[in-house]
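Numbering (my numbering), first residue to last: 1031 to 1300.
Beta carbons: idealized from backbone N, C-alpha and C, even for Gly.
These numbers come from a predicted model, not from an experiment.
This report concerns only the one structure given below.
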Ligand code: 13P
Ligand code: ZN
């Protein structure tokens, strides 16, 4: 079967990165059943012939109007599709959509009419926000990392920046490679526009990774591998915290002075 990826090596490489990350999510146990979703703004890879391709679906409402997305293209995981299947065949477990000129509807263009993720309102609102800020970020990832989600079952870690400080203090790499920390969004219905709006507010407080209480994380970065890396370092820190607690003690954590030194020496934003 022909694919939109044929003879588009840069686009194919971008979609293959999504497939590689989807495999990691499954291996880590963060992607039970259809858990999690990925979208990537692939507009920079769209060419003239792609513009002329017919849609394989009718226009569908996004649920909100997103002016920065006019004419943009996205690769999206399909709703109810499994990450472990996506890792083998990204164009069977996902699809490519383009946003229509009214900025309120999209159509599926390739390869098959796979309906995009139910979290599309959050993903597209975030891409709209990133473009409005002139951000170079093009990828967003929602996943269910076990230890990070477990933390959100305690009020203590839901306080603003309480989890960030603890996670940063477990191992220096956490602050170095997730330098904006972990935003917190209180529990809201999955796939709701309210959850999308709360996610935007949290990203706007200057986080790249936002925790959805008792659900999962939402992360953004330049590409999907980098978004995955930010979540991976945070979850590693949570695992170190839990390992220490399992050994029967509260981990000491790096000192405030050590963490400030890291920011000074490596020029970190916080
Ligand atoms: P989808 O299968 O619709 O992407 O939903 C998975 C999920 O994690 C919802 O929060
Ligand atoms: Zn989810």
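*Out of 1072, 1091, 1100 and 1148, point me to the one whose CA is closest to residue 1108's CA.*
The residue you call residue 1108 lines up with position 78 of the chain shown. Comparing Cα positions, the closest option is 1148.
Point to revise | Alpha-carbon to alpha-carbon, residue 1106 and residue 1239 | key: Taking the first residue of the chain shown as 1, we reach residue 1239 at position 209. Taking the first residue of the chain shown as 1, we reach residue 1106 at position 76. Each residue's alpha carbon lies about 19 Å from the other.
Suppose you measure from the CA of residue 1201 to the CA of residue 1185; what does that come to, to the nearest Å? On the chain shown, position 171 is the one that residue 1201 refers to. On the chain shown, position 155 is the one that residue 1185 refers to. The straight-line gap from Cα to Cα measures roughly 23 Å.
Quiz item: Closest Cβ-Cβ distance between residue 1254 and chain D: below 8 Å?
Solution: Here chain D cannot be found, since the structure has a single protein chain.
field: Residue from 1273, 1253, 1266 and 1289 whose Cα sits closest to the Cα of residue 1044
entry: Sequence index remark: in the chain shown, residue 1044 carries index 14 (1-based). Comparing alpha-carbon positions, the option among 1273, 1253, 1266 and 1289 lying closest to residue 1044 turns out to be 1253.
Buried or exposed: where does residue 1059 fall if 16 or more other Cβ atoms within 10 Å of its Cβ makes it buried?
Translated into positions along the chain shown, residue 1059 becomes position 29. Residue 1059 is exposed by the Cβ-count criterion.
Report the start-end ranges of each alpha helix (DSSP H) in the region 1073-1150 that is 4 residues or longer and not cut off at the edges. 1078-1082 and 1113-1116
field: Straight-line gap, residue 1036 to residue 1117 (C-alpha atoms, nearest Å)
entry: The residue you call residue 1036 lines up with position 6 of the chain shown. The residue you call residue 1117 lines up with position 87 of the chain shown. If you take the alpha carbons of residue 1036 and residue 1117, they lie about 18 Å apart.
* Is the CB-CB distance between residue 1133 and residue 1097 below 8 Å? -> Translated into positions along the chain shown, residue 1133 becomes position 103. Translated into positions along the chain shown, residue 1097 becomes position 67. The answer is yes: Cβ separation under 8 Å.
* **Beta-carbon gap between residue 1121 and residue 1061 smaller than 8 Å** => Position 91 of the chain shown, counted from the first residue, corresponds to residue 1121. Position 31 of the chain shown, counted from the first residue, corresponds to residue 1061. In this structure, residue 1061 does not lie closer than 8 Å to residue 1121 by Cβ.
- Item | residue 1069 - DSSP class collapsed to helix/strand/coil | Residue mapping note: residue 1069 aligns to position 39 of the chain shown, counting from 1. Residue 1069: strand per DSSP, three-state reduction.
If the criterion is Cβ atoms closer than 8 Å, does the pair residue 1261 and residue 1175 meet it?
Here residue 1261 is taken as the residue at index 231 of the chain shown, counted from 1. Here residue 1175 is taken as the residue at index 145 of the chain shown, counted from 1. Contact: yes.
ask   = To the nearest angstrom, how far is it from the Cα of residue 1293 to the Cα of residue 1033?
value = Position 263 of the chain shown holds residue 1293. Position 3 of the chain shown holds residue 1033. Distance between the alpha carbons of residue 1293 and residue 1033: 46 Å.
Which of the three DSSP states is assigned to residue 1170 in this structure? Locating residue 1170 in the chain shown gives position 140, counting from the first residue. Three-state DSSP puts residue 1170 in a strand.
- According to the Cβ coordinates, are residue 1276 and residue 1153 closer than 8 Å? Taking the chain shown and counting its residues from 1, one reaches residue 1276 at position 246. Taking the chain shown and counting its residues from 1, one reaches residue 1153 at position 123. Contact flag unset, no.
Let's test the definition: count the other Cβ atoms within 10 Å of the Cβ of residue 1285 and tell me whether it reaches 16, buried, or not, exposed. In the chain shown, the residue the question calls residue 1285 occupies position 255. Looking at its Cβ environment, which holds fewer than 16 other Cβ atoms inside 10 Å, residue 1285 is exposed.
message: Taking a contact to mean a Cβ-Cβ separation below 8 Å, would you say residue 1076 touches residue 1103 in this structure?
response: For this step, residue 1076 is matched to residue 46 along the chain shown. For this step, residue 1103 is matched to residue 73 along the chain shown. Closer than 8 Å, so yes.
query = Are at least three pairs of beta-carbons, each pair with one atom in the region 1168-1183 and one in the region 1086-1096, less than 8 Å apart?
reply = no
Below 7 Å, is the gap between the Cβ of residue 1186 and the nearest heavy atom of the ligand 13P? Locating residue 1186 in the chain shown gives position 156, counting from the first residue. No - the ligand 13P has no heavy atom lying nearer than 7 Å to the Cβ of residue 1186.
* **Entirely enclosed beta strand (DSSP E) segments - the region 1198-1241, minimum 3 residues** => 1212-1215
Applying the criterion that 16 or more other CB atoms from any shown protein chain within 10 Å of the CB defines a buried residue, is residue 1217 buried or exposed? Position 187 of the chain shown holds residue 1217. Classification of residue 1217: exposed, given that the 10 Å Cβ count is below 16.
Among residues of its own chain, excluding the 5 on either side of residue 1182, which ones have a beta-carbon nearer than 7 Å to its beta-carbon? Here residue 1182 is taken as the residue at index 152 of the chain shown, counted from 1. Once the five neighbours on either side are set aside, the close Cβ partners of residue 1182 are 1188, 1241, 1243 and 1244.
8 Å Cβ cutoff met for residue 1137 and residue 1087: On the chain shown, residue 1137 is found 107 positions in, with the first residue counted as 1. On the chain shown, residue 1087 is found 57 positions in, with the first residue counted as 1. Taking the C-beta atoms as reference points, residue 1087 is found nearer than 8 Å to residue 1137.
TODO: Output the boundary residues of the beta strand (DSSP E) element that contains residue 1246.
DONE: Position 216 of the chain shown, counted from the start, is the residue given in the question as residue 1246. Per DSSP, residue 1246 belongs to the beta strand (DSSP E) from 1246-1251.
Open item on the list: How far does the alpha helix (DSSP H) with residue 1265 in it extend, from its first residue to its last?
Closed with: On the chain shown, residue 1265 is found 235 positions in, with the first residue counted as 1. In the DSSP annotation of this structure, the continuous segment of the alpha helix (DSSP H) that includes residue 1265 starts and ends at 1254-1276.
Contacts around residue 1264, its chain only, beta-carbon distance under 7 Å, and the 5 residues preceding and following it disregarded = Taking the chain shown and counting its residues from 1, the one referred to as residue 1264 is at position 234. Taken in chain order, the residues that qualify are 1178, 1197, 1204, 1208, 1212 and 1239.
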